[in-house]
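Asks: So that you can map any letter, position 859 of the sequence shown is 1208 in my numbering, and since no number is skipped, the others follow by simple counting.
No residue lacks a Cβ here, since even glycine has one placed at the ideal position from N, Cα and C.
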Amino acid sequence: MGNQLVGIAPSQIFPVEHYLSELTDLQFDVNLGSTRFLKVARAKSQEGLVVVKVFAIHDPTLPLLTYKQTIDNIRNKLGDTVNCLAFQKTILSDKAGQTSILFYFRVRALISSMIQKIPAKRVSAENSLNNERGRLFPEYFYTFLQSYMLIFSTHDPILSPDEKIERLKKDIHNIINIVTTKPPDNNEPSDPQTVSPATEPQDTKLISTTDNMDTQPEITTLDVAAHGNDSSDKPEDVTGHSKTSQPNPNGSNTKKVTFTTSSQTKEDPLILITSLVTSCIRGLHFPSSKQSALSILVDISRVSSCETILDRTLPYVVYLMNDTSSRVRADAIHTLTTCLQGVTEVPVNNTHVFPEYVLPCLSNIVTDESVIVRTALAQNIATLAETGLKFLEYTQLLCSLSSTATPATAQPKHSYENELATLHEMIQSIVSVLLTDSQSVVKQTLIENDAITKLCLFFGKQKTNDYLFSHMITFLNDKQNAQLRASFFDNIVGVAAYIGIHSSSMITPLLLQGIVDEEEFIVRKALNALTALTQLHLLDKSCLYELLSATCALLLHPNLWIRHSMVSFLSSLSSCKHLNPVDIQCKILPLIKPYIKYSIIQLDKPVILLNALKPPLPRHIYATAIKYISYDLFLYSLLQRYQARVTPKPGNITIIVSMSINTMLCSDTSTSELSTSNGDPNANSVQERSYIQYHYAPCKLELRKLISRHQELHSAHAKGRSDSTGVEPSSLSPSPSPFPPPKWRLCSILVAHLHEHRTGVTRMTNIPASSLIASASWDSTIKLWDLAKLEGKNVANRSKCSLNTQAGVINAMTVCDQNRSLAVSNAQSSSRGQISIVRIDQSKMNIITSRNLTECPSDLGRFDNNVVVYSCLTGQICGWDLRMSSNNGIAWKFDNDLKKGAIFAMHVDGRQYQLVAGTSLGSFTCWDIRFRLPVSSFSHPHNLRVRRIIGHPSASSCIITSMQGNNEVSVWNLESGVRLSTFWSAPSPPLSASPSQGGGHSVCGLYAAATSSRRNGFLLAGGTDQRVRYWGLDNPNESYLAIPSGFEYNSPPTLTYEYNLIDGIKTAQEISIRSEVRTPVPPTRSTTNEDSPRAGPEPVVPGHFDMVTDLTLGQASQCLMVTASNDGVIKVWK
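#1: Identify, in the order they occur along the chain, each residue of the same chain with its Cβ nearer than 6 Å to the Cβ of CYS629, setting aside the five sequence neighbours on each side.
#2: Let me make sure I understand the geometry here. Which of GLN811, TYR816, VAL791, ILE796 has the alpha-carbon closest to that of SER778?
#3: Return the first residue and the last residue of the alpha helix (DSSP H) that ALA679 is part of.
#4: Can you check whether the CB of VAL1110 is closer than 8 Å to the CB of SER1120?
#5: Fully enclosed by the region 895-976, which alpha helix (DSSP H) runs are 4 residues long or longer?
#6: Put ARG1297 into one of helix, strand or coil per three-state DSSP.
#7: Please report the distance separating the alpha-carbon of PHE918 from that of CYS925.
#8: Going by DSSP, what residues sit across from ARG1058 in a beta bridge?
#9: Can you give, in chain order, each stretch of the beta strand (DSSP E) that sits fully within the region 1114-1178 and has at least 3 residues?
#10: Assuming LEU1247 and THR1223 are in contact, meaning their beta carbons sit under 8 Å apart, how far apart are those beta carbons, in whole angstroms?
#11: For LEU621, which option in ARG678, LEU494, ASP1455 has the closest C-alpha, if you only look at C-alpha atoms?
#12: Which residues mark the beginning and the end of the alpha helix (DSSP H) in which MET821 is found?
#13: Express the C-alpha separation of PRO1047 and ALA845 in angstroms, rounding to a whole number.
#14: Use the C-beta contact count for LYS810: other C-beta atoms within 10 angstroms, 16 or more gives buried, fewer gives exposed.
#15: I need the straight-line Cα distance from ALA875 to GLU797, nearest angstrom please.
#16: Determine whether the beta carbon atoms of ALA899 and ILE864 lie at a separation below 8 Å.
#17: If you follow the alpha helix (DSSP H) that PRO664 is part of, which residue opens it and which one closes it?
#18: Whole angstroms is fine: what's the gap from ALA1358's alpha carbon to PRO1089's?
#19: Using 8 Å as the threshold, is the C-beta distance between GLY691 and ILE645 below it?
#20: Can you tell me whether GLU414 is buried or exposed, with buried defined as 16 or more other CB within 10 angstroms of its CB?
#21: Kindly give me the distance between the Cβ atoms of LEU1099 and VAL1457, rounded to whole angstroms, as I take these residues to be in contact under 8 Å.
#22: Are the CB atoms of ARG873 and SER920 within a distance shorter than 8 Å?
#23: Pull up the distance between the alpha-carbon of GLN1467 and that of ILE1159, whole angstroms please.
#24: Quick one: measure Cβ to Cβ for LEU1460 and TYR1356, integer angstroms, because I've assumed they're closer than 8 Å.
#25: What did DSSP end up calling ARG1378 once you bin it into helix, strand or coil?
#26: Are the Cβ atoms of ILE521 and ASP648 separated by less than 8 Å?
#27: Taking one C-beta from the region 814-833 and one from the region 785-804 each time, how about it: are there three or more such pairs within less than 8 Å?
#28: Got a sec? Which residues, its chain only, sit under 6 Å from GLY1000 by beta carbon, not counting five neighbours each side?
#29: On the premise that LEU1231 lies in contact with TYR1219, defined as a C-beta separation below 8 Å, what is that separation, rounded to the nearest angstrom?
#30: Could you tell me the alpha carbon to alpha carbon distance between PRO997 and CYS1165, rounded to whole angstroms?
#31: Can you check the region 829-877 for any alpha helix (DSSP H) of at least 4 residues that lies completely inside it and give the ranges in chain order?
#32: Could you round the C-beta distance between THR1163 and SER1185 to whole angstroms and report it? I think they count as a contact, below 8 Å.
#33: For LEU1390, report the span of its beta strand (DSSP E) as first-last.
#34: Report yes if the CB atom of CYS1353 is closer than 8 Å to the CB atom of ARG1296, and no otherwise.
#35: Pull up the CB-CB distance for GLN1225 and GLU1204, whole angstroms please, since I reckon it's below 8 Å.
#36: How is GLU694 classed by DSSP in three states: helix, strand or coil?
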């Protein structure tokens, strides 16, 4: 056996007293010899001096039961031998978690007397209880508990574990009152001892045998009642904390070392009730019963001893932390925290219970799939960290006390710094996961109720600054959860107070961000935090000046609570030690002077300051002003107008047009642009040019626009084409761009690979007369891209600006308002939605107006610059006039028959005054917008869902549609309802009813354009098969696979195209000759430096690896194609 252990022997050999530390009934005296595996020592026990032999191994696979049985056989055979002293006790201790087994002569004597064959010598269990009254069992067991326990054993039918727990839950408070208030019996032993083996940090098995060196002990009984019957029911993974008890039958005054704050261990009067509860836990079936059991354990732990909590209650609470019910797991975490808080004395064998037992179990729960479980852990982790630190400090106290004792009682010394670092590391790993949790409620719970303050005290100033504070800053980036941002300002004061004034420079920008938050209650909480930080003198003078300059205007805020919070902040400045009276009079009071009616002296009196404030800004004016885009220009204009009224210079012609603020913000008036004069700066040109406004009546402006519109329409119809290039693109609804140029052909060369969207891109649109492209994604994000920045030397492969609408999935987008804004459709649910107008500025985007819908929008289009058309799944088609200031704002409304299906696609042609809607059942309805009547209706032969509809680039009476399945793209005539042609790129037969194997793909993105070299133009189509195809509308022979899938780019399929006339329909079918899918690798074909993508950290594989959701063309120095996929990737091609 020794040869097998050589390879696995530990590098460090511990002395024999290390292994005896877990046997608290043995007190180490003298070392009698120590080898690598066998160690001998003399120890003290209740019976006197004994010799202990320990055989320790570190391989848990080696069985020790057979060796223990051999030792027992030797002891039995040598029991009657003269002058031979046999082993008195054999202990099999598995530190990896097996239950400790103790064999005592007293137990064997009791069992043998109860199974005697002779009736006269046989002792019944009842007689044994009576004989041991006052010694084995306490007096309350005979007076109360024995009769109460009969309820569970004599009940007919026998109570189930769930019924026992429910009964105990009703009676537990009465039981606690009866047991804890019962006076002690005189016959009760004066010095009961509870012996508990420890749980060591190493996975070690040992066999220890003891020889009595004095005399044979008398055969007495064992205190089995201290165990109950729950030792066999304990969970296998927590049995390392199962304990046994052994009383002193002779009541001797032998000196005991317990390593607690007191020299004696108190008796636990509720240990039998604890054993009864824990014996039922593994048999519980209902979550409510398990929650009741946890509630009982909490009540018992308030009056139980520390040994009972750590040795009996804790293992079963940890067992319930792995329950299938999330509610039980959450309650188990609360119970664990409550029970450990009640531990005031830590036995020496439980000093490492946190790093070796509790925290490893919690590390598995931190990634629990249930939110309530993670929330419960976040709520209790700070208290658990505080309790773990208390355990560690108590252990250090024990070590310092034992160092002054004799060598026999001295404990192994612990490195406090190493163990504290280990505890910090384990808690930090749990807290780091909770701080980055996907649910905001978990992060919010972690910092509330002074939990973050406890964590600051636990980690110390350095880790609080580097770790906790840096993670809390990210909470302000969650724009969707205002409660999380508010919780940040509620708890940041405690963190800053612990870090000190060094955090002043870091907290200042966070407070400024909270002051400009869109939620007013967050602004108030930020001001309250600012006041508290000022009162604690945690902000230096420069930061106070900066914050005051940014917040003094809030004295006129319409919200009363914000004004009061601002006054409290100003009052706290008078008591700040960083500011002297000169600073108050010379710096603070001049800043607030514009907002008060008269000068004040006593800034520390909030009542005086409140009475001196000017009237607040009216709410409707404030709400309108904050939505205005050019806010600085607006304020500058108001200031100049005010100065022009007050101090007009003689001889100047100053014309001031009277306009209300609402008119300035909302109306569309024609105003001359501001410019500076080239003459004398003291001249009157600034006033004249700034405020000579040529104001016309709105009806006259509308008449001019209407005349110009009809002139353009007449010119377009006179040429016989609805897409005349002589019309300004900013004056009409979507018109063909001046690109692509003649003889343009897609070369399939990748120019840029853009991956900023976190979710799939849903729609893209190009901004006419510019190089900008807008993209929208599933996470409500809109990004603006400048194609001109993707070429040349100074390449910027990032978006120009970004905006999160926070209103649901964006499923449609178009340009409006003379190409200065975007109309965005958000689908929030099946019965809710929102239409927003996003203004495009030079370097930012913001929502200027929005419209909440009680239906889910499905598509969006533009009729002209001021009317946006949206369709809903319920069949409604509405025209929203952006010029109408009423709450309704609906210019016209159509109702499509729901029997034809839900509307999924729509196309609006403002030139032809026609609107086409496609439904989920393949039905098409064409409406005349002028007369608001349906002019034609037709449907797909197989009633397939309509995915997209676009206008034909050359035929105004035709549309191009994509259907569900078979990659089908068809051209329809709106007047006759006839399908003119079909582009088919599926292996199934053309015009077949259902997609066959491998032909279930659909086209998601369409783009059609006409050039001077192609009469009918061309069509670009991308879909779920990750491919982009080029179809020639004028000459089908020009069709080809423009961009293969990313999985087949290095080995593109060989395709050919056939053209047939099937049932009068021109059909172009794509036929695959060879297709081989391979693992994507960077392309190996040689390309020039001009045509290849720019070098990056990793080679980019051309082609998409997910479905192509949309595509469009854009204009930079050349015509570029932009494609987007469902994985958020946008690629630019030339």
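Replies: With the structure as the only source:
#1: Along the sequence shown, one-based indexing puts residue 629 at 280. PRO510, LYS513, ILE514.
#2: Position 429 of the sequence shown, counted from the start, is the residue given in the question as residue 778. Put simply, of GLN811, TYR816, VAL791, ILE796 the residue whose alpha carbon is nearest the alpha carbon of SER778 is TYR816.
#3: Here residue 679 refers to the residue found at position 330 when the sequence shown is read from its first residue. Segment 675-690, the alpha helix (DSSP H) holding ALA679.
#4: Counting from one through the sequence shown, the residue named residue 1120 turns up at place 771. Counting from one through the sequence shown, the residue named residue 1110 turns up at place 761. Cβ atoms of SER1120 and VAL1110: not closer than 8 Å.
#5: Runs of the alpha helix (DSSP H) inside the region 895-976: 909-922, 938-941, 955-961, 968-974.
#6: As a first step, residue 1297 is located in the sequence shown; it is residue number 948 there, counting from the start. ARG1297 falls in the strand class under three-state DSSP.
#7: One-based indexing of the sequence shown puts residue 918 at position 569. One-based indexing of the sequence shown puts residue 925 at position 576. Our two residues, PHE918 and CYS925, have alpha carbons roughly 11 Å apart in a direct line.
#8: As a position in the sequence shown, residue 1058 is number 709, starting the count at 1. Answer is none; ARG1058 lacks a bridge partner.
#9: Segments of the beta strand (DSSP E) lying fully in the region 1114-1178: 1121-1126, 1130-1135, 1150-1153, 1158-1165, 1170-1178.
#10: Counting from 1 along the sequence shown, the entry for residue 1247 is found at position 898. Counting from 1 along the sequence shown, the entry for residue 1223 is found at position 874. Confirmed, about 7 Å.
#11: Against the sequence shown, residue 621 aligns to sequence position 272. For LEU621, the nearest C-alpha among the options comes from LEU494.
#12: Taking the sequence shown and counting its residues from 1, the one referred to as residue 821 is at position 472. Note, MET821: alpha helix (DSSP H), 818-822.
#13: Here residue 845 is taken as the residue at index 496 of the sequence shown, counted from 1. Here residue 1047 is taken as the residue at index 698 of the sequence shown, counted from 1. Their Cα atoms are separated by approximately 57 Å.
#14: Within the sequence shown, residue 810 is the residue found at index 461, counting from 1. Exposed, since its Cβ has fewer than 16 Cβ neighbours within 10 Å.
#15: For the purposes of this step, residue 875 is taken as residue 526 along the sequence shown, with counting starting at 1. For the purposes of this step, residue 797 is taken as residue 448 along the sequence shown, with counting starting at 1. Taking the Cα positions, ALA875 is about 16 Å away from GLU797.
#16: On the sequence shown, residue 899 is found 550 positions in, with the first residue counted as 1. On the sequence shown, residue 864 is found 515 positions in, with the first residue counted as 1. ILE864 is positioned such that its CB atom lies closer than 8 Å to that of ALA899.
#17: For this step, residue 664 is matched to residue 315 along the sequence shown. Bounds of the alpha helix (DSSP H) holding PRO664 are 663-669.
#18: One-based indexing of the sequence shown puts residue 1358 at position 1009. One-based indexing of the sequence shown puts residue 1089 at position 740. Cα to Cα, the separation comes out at about 8 Å.
#19: In the sequence shown, residue 691 corresponds to position 342, counting from 1. In the sequence shown, residue 645 corresponds to position 296, counting from 1. Taking 8 Å as the Cβ cut-off, GLY691 and ILE645 do not qualify as a contacting pair.
#20: Along the sequence shown, read from residue 1 onward, the residue named residue 414 stands at position 65. The question names Glu, but residue 414 in the sequence shown is Leu. Counting of Cβ neighbours within 10 angstroms places LEU414 among the exposed residues, the total staying below 16.
#21: To locate residue 1099, count along the sequence shown from 1; it is residue 750. To locate residue 1457, count along the sequence shown from 1; it is residue 1108. So it is not a contact: roughly 14 Å between Cβ atoms.
#22: Position 571 of the sequence shown, counted from the start, is the residue given in the question as residue 920. Position 524 of the sequence shown, counted from the start, is the residue given in the question as residue 873. At a Cβ-Cβ threshold of 8 Å, SER920 and ARG873 do not count as neighbours.
#23: For this step, residue 1467 is matched to residue 1118 along the sequence shown. For this step, residue 1159 is matched to residue 810 along the sequence shown. Linking GLN1467 to ILE1159 through their CA atoms gives a straight-line distance of about 29 Å.
#24: Sequence index remark: in the sequence shown, residue 1460 carries index 1111 (1-based). Sequence index remark: in the sequence shown, residue 1356 carries index 1007 (1-based). 6 Å between Cβ atoms; contact.
#25: Here residue 1378 refers to the residue found at position 1029 when the sequence shown is read from its first residue. DSSP places ARG1378 within a strand segment (E or B) once states are collapsed to three.
#26: Here residue 521 refers to the residue found at position 172 when the sequence shown is read from its first residue. Here residue 648 refers to the residue found at position 299 when the sequence shown is read from its first residue. Remark: C-beta atoms of ILE521 and ASP648 approach each other more closely than 8 Å.
#27: Per the Cβ contact rule, the region 814-833 is in contact with the region 785-804 (3 or more Cβ pairs under 8 Å).
#28: Taking the sequence shown and counting its residues from 1, one reaches residue 1000 at position 651. Its pLDDT being 44, under 50, GLY1000 is placed unreliably by the model, and the measurement read from it follows with that caveat. Excluding residues within five positions, none has a Cβ falling inside 6 Å.
#29: For the purposes of this step, residue 1219 is taken as residue 870 along the sequence shown, with counting starting at 1. For the purposes of this step, residue 1231 is taken as residue 882 along the sequence shown, with counting starting at 1. So it is not a contact: roughly 12 Å between Cβ atoms.
#30: Working through the sequence shown from its first residue, we reach residue 997 at position 648. Working through the sequence shown from its first residue, we reach residue 1165 at position 816. In this prediction, PRO997 has a pLDDT of 49, which is less than 50 and means its spatial position is unreliable; what the coordinates show is noted afterwards. A straight-line Cα-Cα distance of about 41 Å links PRO997 and CYS1165.
#31: Entirely contained in the region 829-877, the alpha helix (DSSP H) runs reaching 4 residues are, in chain order, 831-848, 853-864.
#32: Along the sequence shown, read from residue 1 onward, the residue named residue 1163 stands at position 814. Along the sequence shown, read from residue 1 onward, the residue named residue 1185 stands at position 836. With a Cβ gap of about 12 Å, THR1163 and SER1185 do not count as contacting.
#33: Looking up residue 1390 in the sequence shown gives position 1041. Per DSSP, LEU1390 belongs to the beta strand (DSSP E) from 1389-1392.
#34: Reading the sequence shown from its first residue, position 1004 is the one you call residue 1353. Reading the sequence shown from its first residue, position 947 is the one you call residue 1296. Yes. Within cutoff.
#35: The residue given as residue 1225 occupies position 876 in the sequence shown. The residue given as residue 1204 occupies position 855 in the sequence shown. Right, their Cβ atoms sit about 6 Å apart.
#36: Indexing the sequence shown from 1 puts residue 694 at position 345. GLU694 falls in the coil class under three-state DSSP.
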